[in-house]
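The numbering used here numbers the first residue of the sequence shown as 19 and each following residue consecutively.
For each residue, glycine too, the CB sits at the ideal point set by N, CA and C.
Just so you know, these numbers come straight off a predicted model, no measurement behind them.
Written below as structure tokens is the structure these notes are about.
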Amino acid sequence: MIALALVVAAVFISLFRDMGIVDSWRLRNTERQLRGEVEKLRQENALLKRTVEDLRGNPAVIEQEARRLGLIKKGENVIVVPQRHESRPQPAPNPAAPRP
């Protein structure tokens with residue numbers, strides 16, 4: 019009986035003590051999540067580096083970004099078209115109804 023109690027105590031201690039099996043599982047899960055985030059950030063960083071390179075040396079990309087920002091070339095004219103406000107569709111007039 020004492021041996022069984024010692025085994026149960028040893029298992030309990032190995033599972034739940036500081037840096038026991040349960041903590042190790044949690045740490046591994048956290049490590050997997052962090053590795054995924056690091057990989058995602060590396061991909062984003064690579065994309066941003068390519069964008070910076072394009073903006074430094076590719077005239078077409080530079081012009082596209084300038085246009086997106088609303089910049090114009092010397093000698094160009096800007097025509098501003100106001101956006102239409104979406105409204106509810108009006109019902110079609112009834113041709114049989116009297117007109118005012």
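Cα-Cα separation, residue i to residue j
i	j	result
ARG46	ILE20	34 Å
ARG60	GLN51	14 Å
ILE90	ALA84	7 Å
GLU49	ILE39	15 Å
GLU94	ASN76	21 Å
LYS58	GLU71	20 Å
Contact under 9 Å by Cβ, residue i with residue j
i	j	result
VAL79	LEU73	yes
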